[in-house]
Amino acid sequence: SKQFQQPSKQENGSWLIPGQRPKTSAQKVVLPVKLPHFNVPENLQSSVLDATELTDVVPQLSQELSFPNYSRRMSTLLYLEEIQMQMDIREFDMNRVCLHPVGEFLALTVPGLAEGRPSVLIGDQIILSSPEDPEGPRYVGYVHELTATEVYLKFSPEFHSRYGGQDYNVQFTFSRTPLRRCHQSVSLAVQLLGSPVLFPEHINLKKPQAILETLASTEQSCTSDRSRKYNPATPSNKNQAVHPESPMIKYSIQDARSKLQPASGKHTGFFNPRLNDKQKSAVERILLGQARPIPYVIFGPPGTGKTITVVEAILQVLHRIPSSRILACTPSNSAADLIAERLHSSGQVTQTEMVRLNAFQRSTDSLPESILKYCRFSEDLQMISRFRVIVCTCTMAGSLYGLGLSAGHITHVFVDECGQATEPECLIPVGLVSGADGQIVLAGDPKQLGPIVMSPFARMYGLELTFLERLMMRRPYLRSMALFADDGGFDPLVVTMLIENYRSHPSILELSSRLFYYGQLQPMADPELTHKLATWQELPMPDFPVVFHGIRGEDVREVNSPSWFNPGETVQVVRYLQGVLKEGVSPDDVGIITPYRKQVEKIRLMIDRLLLPEVKVGSVEEFQGQERQVIIISTVRSNEKLISFDVRHSLGFLSNPKRFNVALTRAQALLIIVGNPVVLRQDQNWNLLINYCVDNGGYTGCQLPRVPVKGSDDEKTSEDGLPRENMHV
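Each residue of the sequence shown is one higher than the last, beginning at 1 in UniProt numbering.
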């Protein structure tokens, strides 16, 4: 196929001269089913730009999401996000810049490239136009290679031959393919998945898809006091409203719930012998698949071994259901690599069974060595579809739609970290599973950070609400201690909540467990690691490794910067860093979390100036899914007058319970928070954290202000004295 397209005339009369694509993308296979363009409707675009009422253009936005309005509403949210992305990328336009030749390429220096500002990928287009002649031809350069500061581009041969160092204006673009795949999944979801998967109302029991005798040990099938305690077939269950009314079915549902006794730990059938009872129970429930096609949820709070459970379930399905074909997806490449690595290290999959499918833009340098032999790129799709386990990102799974696979080709879809994907993105792999008999497994944590959505309109109308979170609000998934006390309040036919935390010191875990996880998390991490700093001399209270250091500092902004920093907090954070490094903690085991880019910059600068070793400093988002022995948090905001603006705009940590939860649950042995208690006390969760530290002797620093009296004269106060907009349900 050609590496060059023909020049095309634009609406304004100027010509667009295409450049040379990277080789891999030029060798695209022609697939049987084409991906439609899904161009943004003009009336929606102008409505956003003119700030007219969006619900006049799309009335579905004012309605609650439902099966009839599903496709229209979801596709509108995707269009709104794309409009915002188009507006945001203009911020990186560069005027009058010069390129320089590097071998066969023309190189462009891009400040901010290393931080992903702008985010540029191989295969992206960068458009040049003449500053002197805005109506003149525009030249498209394709990105062939990237360094930390430069992009290497190829334009048309004619442009290369006559380029002599002239200045050009530069415009960045982004690939629409991920958005188009999301649109496709939404447009097909209604017919492929139907109401039972998108809006589950009740469980229709199915015959188990695997026999578990070999998994369970003989002692387990015997009834013991312990198994009776776990047996949910009690009279209180009998009137379960979420199930069909037929008494025979009702009985079999109770029977299905009670059949599995808690794992005794003596199973011989598990590939990973170190799984705990809850993890084993999740694997067994997935193997039985009695509630399919409605999704099975592995609810995995921080540090509870969610991915290990997913990997075991994939291996069990692979080995115990010979007709199975499995698609395992995650929102990011790094998380997909982790699943492939874990499957590989289990020793239970071969190169002929598993494939790690990558986009052509991905460089092999970024692939972990252990999985290189499983890696294929998107040119080999026909062959890839024949593997029994396909591991890829959610958006990459969209390429499989192009093959026109027969219904039933993929039997099981696992989406790990699905709480970090938007619903349309999550539906890309989910839509590939075979209708009524296929099985969908979603693993994630609805209490942690969701996907990053740029458009305020898309956020307002629900694109931030993930498929996982929305499902957990539907009847079959609702928590009921009255009905499912022995299963943590969740129906074991559709949810397993993992509760054993292998990360944090009990004192670090306690508040998060209480606030977000019904007080059920159990600290199971190795005390040799978690209690390492319990006697550190700088702790206000020995054996309580949670410190809140109060500073009534000053938050400032530099001219021309929207980002805040706080010099007083910077100094205190770096002091604590010096203290833990002196204690023998490795720099790799320390993380510093702060919500503002400018504060990140100032902390890094001070670390450099003091010649301290480099440690990771970043936002909460950059630490999600990670852990460190020591976490130091700088909250930055200190201006007590501006705080209501901050809360309303969800800047910083304030008013975002998910961000608060993630920040608190990264630390293994020591958690230090540096902040202004007056400001932070205006938020319910931060107030509870400060009180928790005070009650346990972990507070130090400035004198604490008096706690506001309940029902104070603030008109925004709710009955319990908490600002309404901060209330966490």
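Beta carbons are placed, not taken as given, at the ideal position from N, Cα and C, and that holds for glycine.
Residue j beta carbon less than 8 Å from that of residue i
i	j	result
residue 40	residue 89	no
residue 253	residue 205	yes
residue 439	residue 411	yes
residue 480	residue 488	no
residue 371	residue 335	no
residue 291	residue 494	yes
residue 17	residue 168	no
residue 700	residue 547	yes
residue 530	residue 669	yes
residue 321	residue 197	no
residue 353	residue 389	yes
residue 15	residue 134	no
residue 397	residue 367	no
Between the CA atoms of residue j and residue i - distance to the nearest angstrom
i	j	result
residue 6	residue 463	37 Å
residue 626	residue 666	6 Å
residue 714	residue 682	Because residue 714 carries a pLDDT of 39, less than 50, the predicted location of this residue cannot be relied on, and the following value inherits that uncertainty. The straight-line gap from Cα to Cα measures roughly 12 Å.
residue 712	residue 685	With a pLDDT of 35 at residue 712, under the threshold of 50, the predicted position of this residue should be treated as unreliable, and no value is reported.
residue 337	residue 131	44 Å
residue 160	residue 101	9 Å
residue 234	residue 288	Confidence at residue 234 is low in this model, with a pLDDT of 32, below 50, so its placement is unreliable and the value that follows should be read with caution. Going by the C-alpha atoms only, they are around 22 Å apart.
residue 374	residue 284	27 Å
residue 203	residue 194	15 Å
residue 107	residue 355	35 Å
residue 208	residue 380	35 Å
residue 418	residue 581	36 Å
residue 385	residue 520	41 Å
residue 19	residue 123	11 Å
residue 727	residue 273	Because the pLDDT at residue 727 is just 25, under 50, the model does not fix this residue reliably, and the value given afterwards should be weighed accordingly. Their backbone Cα atoms lie some 42 Å apart in a straight line.
residue 104	residue 640	56 Å
residue 405	residue 383	12 Å
residue 187	residue 44	18 Å
residue 303	residue 153	43 Å
residue 54	residue 42	13 Å
residue 269	residue 38	48 Å
residue 118	residue 150	12 Å
residue 31	residue 327	20 Å
residue 420	residue 163	44 Å
Nearest residue (CA-CA) to residue i, options the options
i	options	result
residue 609	438, 667, 571, 510	571
residue 557	596, 491, 687	596
residue 662	449, 48, 376, 327	449
residue 314	607, 701, 346, 93	346
residue 551	153, 65, 105, 633	633
residue 635	473, 153, 569, 55	569
residue 94	180, 48, 664, 111	111
residue 611	639, 624, 578	578
residue 192	516, 524, 660, 437	437
residue 361	120, 618, 62	120
residue 470	584, 458, 199, 631	199
residue 96	166, 554, 329, 671	166
Nearest-angstrom Cβ-Cβ length linking residue i and residue j, presumed shorter than 8 Å
i	j	result
residue 393	residue 332	7 Å
residue 401	residue 184	6 Å
residue 286	residue 441	6 Å
residue 309	residue 279	5 Å
residue 613	residue 587	4 Å
residue 22	residue 142	6 Å
residue 457	residue 80	5 Å
residue 591	residue 676	So it is not a contact: roughly 21 Å between Cβ atoms.
residue 171	residue 127	4 Å
Endpoints, the alpha helix (DSSP H) within which residue i is located
i	result
residue 426	423-430
residue 606	597-609
residue 440	Not the alpha helix (DSSP H): residue 440 falls in the beta strand (DSSP E), residues 439-444.
residue 467	467-471
residue 743	In this structure the chain extends from 1 to 729, so residue 743 is not present and cannot be described.
Residue i - containing beta strand (DSSP E), residue span
i	result
residue 128	125-129
residue 741	As shown, the chain starts at 1 and ends at 729. That puts residue 741 outside it, with no answer to give.
residue 634	628-634
residue 33	Neither: residue 33 is in no beta strand (DSSP E) and is coded neither H nor E.
residue 96	94-98
residue 169	167-172
residue 50	First-last for residue 50: undefined, no H or E at that position.
residue 416	412-416
residue 358	354-358
C-beta neighbour in chain D for residue i, strict 8 Å
i	result
residue 591	The structure shown contains no chain D; it holds only a single protein chain.
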